[in-house]
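First comes the structure, then the notes that go with it.
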Amino acid sequence: MLNKAGRDIPSVIPGFKEVKLYNGPFAANPTGRVVGPKITVNKPRSEKILKSIDQAIEATGLKSGMTISFHHHFRNGDYVLNMVVEAIARKGIRDITLAASSLTSTHDAIIPYIEQGVITAIETSGGRGKLGELFTSGKFLKKPVLIRSHGGRARAIEAGEVVIDVAFIGAPACDTYGNINGIEGKSACGSMGYAMCDAAYADQVVAITDHLVPHPLYPISIPQTNVDFIVEVEAIGDPKGIASGALRISKDPKELIIAEYASSVIEYSGYFKNDYSLQLGSGGASLAAAQFIKEKMIAQGIVGSFGVGGITAPFVEMLDQGLFKTLFDVQDFDIPSIDSLRNNPNHLEMSASYYANPHNRGPIVNKLDVVILSATEVDVDFNVNVITNSNGVIMGASGGHCDTAAGAGLSIVVAPLLRGRLPMVLDKVHTIVTPGETVDVIVTERGVAVNPNRKDVFENLKQANIPLMSIEELQQIAYDLTGKPESIPVTDEIVGVVEYRDGTILDVIRKPV
Amino acid sequence: MAIVGTGQAGTLESSDIMVTISPAEGAKTGIVVDLQSPVVKQYGRHIENLIVSLVSEQGLTDVKVFANDRGALDCTIKARVLTAVARCKKDRI
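Chains A and B, in that order, are what the protein sequence lines are.
The numbering of the first sequence is full-length UniProt numbering, which starts it at 1 and goes up by one.
The numbering of the second sequence is full-length UniProt numbering, which starts it at 1 and goes up by one.
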């Protein structure tokens, strides 16, 4: 069956009760009610602190066949997920569904437990490295890996499509009664945005901390009312992997020219005025664009209303300089951002649902004017792939890509036109993560293309000194250099399913030959 | 034309290709290309055909070509193959 994005989706997919086809970015009309965790009781003077992760697994009653969740704010420095999965394996528990908000290459350590059948299903934002290769191989897991955006995951949790039996939350600071924040302790990660949904909706919540403090801890990101058990361990993460220092602005001439064009697109788009709002990706070109945008804001005396992220140091600088009034922060990438969340009252923490859930009463992405996003591949229909590489192997993550593209007034996708010999503007992307109808402008080092459904933006950009052209012309420039690539042959075996943020199926990932 | 020597051109830098042409291991083998490339799925056949046609245009018949590609464009491949051919002809006794 073809969906609205033109993708052939089988009517039956292993592990899916019902295959609902993507039918446009705002076509879904949700019904029913938000679900909730089991009601419980915690009597006065009872003890939440347990001695070990093993003890916590026993206390929660975790059994084979259940679903566990994790958050990815510790990024490549995370110890929590690997520790917990190891402990679960030692107990002989099997057939677990792993619903992590995302996975990084540090989680390659769980591969043996996937091979042994401890984890048999995975629902997450993406996969990298060996883990991504394993997903793409179709081996071991009982059903295809389910890819959700950050907003889509929050929606699925609230809608009861993901029922988390036990959420394990890495807590940079936790008090003896379960109040948590991410801004204190040696493993500080900043915002706890993704974990907030897990904590609020999981049947049981275990906080794992390396910084246990007397009650009450404040400020509170995740409240004691959500937390069942607390375990103190030596370390929940490697600070070097959790947050980098302030990233240097790129010196790559290709990234710089893409950034220059992207900032010109913003300047002339019609959106660049007082009180505009902005989200930036964390890629090189995106960070470089921040620098150029900052200069333009100062030069023209423009003050933005809010920034959204995925917060990085360039955004913090703009907040400090008064160029934005406030930041909404779901995750932090570097130390300056974590420091800012701790110290600046105008830097606000938010949950993944507040950030991007399409089925609540209004996520912040709906109020976004401009977002800059990166891409692995784009196609002539403006579809974007950020999940599979040029050989069809899973190597990236959906993140907030489709959420922000759908919500923002102007979504700008930046990508190099060529990577080595490979052209990045294709006839069809290998996997759609963000549908073309929500993408407005594609910026490359050799040209800028505007989606034909945004004639208003195209007219405005004629005044900008940028190489404006059609997406077909842009593709031709690439093909003249590289020739037309042969498509990647795939089998019929489905190894991944890309769910759109509204819960419909946007695309499937087939195992490459 | 058969050759006795070996000719090599190119590097293993990104977007380059290292081409090594050496005598065939036996008579009447034709031009045998061994291509390693990160884009073999997308451009493998194209690159092999390009190398065979360049080598045969230079009058070589029975040779072995080892091509270690790092994502080179056709212009680069052509330059490296022609140089490797010239070098192996120079080695001729």
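From the three backbone atoms N, C-alpha and C, an ideal C-beta is built for every residue, glycine too.
| Query | Result |
| --- | --- |
| Can the beta-carbon of A:I230 be found closer than 8 angstroms to that of A:G301? | no |
| Within 10 Å of its beta-carbon, does A:P485 have 16 or more other beta-carbons around it, so buried, or fewer, so exposed? | buried |
| Classify A:A167 as helix, strand or coil using the three-state DSSP reduction. | strand |
| Just to make sure I have the definition right: I need the residues of chain A whose C-beta is within less than 8 angstroms of the C-beta of B:L35. Which are they? | Within 8 angstroms Cβ-Cβ: nothing; B:L35 doesn't reach chain A, min ~13 angstroms. |
| Give the straight-line distance between the Cα atoms of A:D379 and A:H430, rounded to the nearest whole angstrom. | 9 angstroms |
| Quick check: the Cα distance between A:A288 and A:A262, rounded to an integer number of angstroms? | 10 angstroms |
| Check this for me: beta carbons of B:V32 and B:A24, under 8 angstroms apart or not? | yes |
| In chain B, which residues lie with their C-beta within 9 angstroms of the C-beta of A:L426? | Going along chain B, no residue has its Cβ under 9 angstroms from A:L426, so there is no contact; the nearest lies around 10 angstroms. |
| So is B:I93 buried or exposed if we call it buried at 16+ other beta carbons inside 10 Å? | Reliability of the predicted coordinates at B:I93 is poor, the pLDDT of 45 falling under 50, and the value obtained from them is presented with this limitation in mind. Flag for B:I93 reads exposed. |
| Under the rule that 16 or more other beta-carbon atoms within 10 Å means buried, what is A:Y271, buried or exposed? | buried |
| Could you tell me the distance, in whole angstroms, from the CA atom of A:L319 to the CA atom of A:V308? | 11 angstroms |
| What distance in whole Å lies between the Cβ atoms of A:C189 and A:L217, which are believed to be in contact at a cut-off of 8 angstroms? | Not a contact, Cβ separation roughly 15 angstroms. |
| Can you tell me whether A:N451 is buried or exposed, with buried defined as 16 or more other CB within 10 angstroms of its CB? | buried |
| Could you give the distance in angstroms between the alpha-carbon of A:K143 and the alpha-carbon of A:G65? | 14 angstroms |
| Please classify A:R33 as buried or exposed, where buried requires at least 16 neighbouring CB atoms within 10 angstroms. | exposed |
| Taking only beta-carbon positions, decide if A:T482 is within less than 8 angstroms of chain B. | yes |
| I'd like to know whether the C-beta atoms of A:G132 and A:D403 end up nearer to each other than 8 angstroms. | no |
| Output, in chain order, the set of chain B residues within a Cβ distance shorter than 7 angstroms of A:N343. | Near A:N343 there are no residues of chain B at all, since even the closest Cβ is about 42 angstroms away, more than 7 angstroms. |
| Is A:G447 near the ligand ATP - that is, is its Cβ less than 7 angstroms away from at least one heavy atom of it? | Although the ligand ATP was asked about, the structure shown includes no ligands whatsoever. |
| How would you list, in chain order, the residues of chain A whose beta-carbon sits under 7 angstroms from the beta-carbon of B:A72? | R421 |
| Could you name the residues of the stretch 502-513 of chain A whose beta carbon sits closer than 7 angstroms to any beta carbon of chain B, in the order they occur along the chain? | none |
| Can the beta-carbon of A:V384 be found closer than 8 angstroms to that of A:S398? | no |
| Have a look at B:G59, B:E57, B:E48 and B:D62 and flag the residue whose alpha-carbon is nearest the alpha-carbon of B:V19. | B:E48 |
| Please list the partners that B:S53 has in chain A, where partner means a Cβ-to-Cβ separation under 8 angstroms. | Near B:S53 there are no residues of chain A at all, since even the closest Cβ is about 14 angstroms away, more than 8 angstroms. |
| Since I believe A:S191 is in contact with A:V330 (beta carbons under 8 angstroms), could you give me their beta-carbon distance rounded to a whole number of angstroms? | 6 angstroms |
| Within the chosen definition, does the stretch 90-107 of chain A reach the stretch 66-80 of chain A through at least 3 CB pairs nearer than 8 angstroms? | yes |
| In whole angstroms, what separates the C-alpha of A:A167 from that of A:C197? | 10 angstroms |
| Assign A:D8 to buried or exposed, taking buried as 16 or more other Cβ atoms, counted over all protein chains shown, within 10 Å of its Cβ. | exposed |
| Judging by CA-CA distance, which residue of A:E499, A:I164 and A:F74 is the nearest neighbour of A:P239? | A:F74 |
| Measure from the C-beta of A:N453 to each C-beta in chain B and report whether the shortest distance is under 8 angstroms. | no |
| Check the Cβ of A:S351 against every Cβ in chain B and list those closer than 7 angstroms, keeping chain order. | Within 7 angstroms Cβ-Cβ: nothing; A:S351 doesn't reach chain B, min ~40 angstroms. |
| What are the boundary residues of the beta strand (DSSP E) that A:K325 is part of? | F324 to D332 |
| Between A:P416 and chain B, is any beta-carbon pair separated by less than 8 angstroms? | no |
| Assuming the contact rule is C-beta atoms closer than 8 angstroms, A:L468 and A:L461 should be a hit. Round their C-beta distance to whole Å, please. | 6 angstroms |
| Closer than 8 angstroms by beta-carbon distance: list the chain A residues that pair up with B:S15, in chain order. | G420 and R421 |
| Compute the Euclidean distance between the alpha carbons of A:Q204 and A:D210, then round it to the nearest angstrom. | 20 angstroms |
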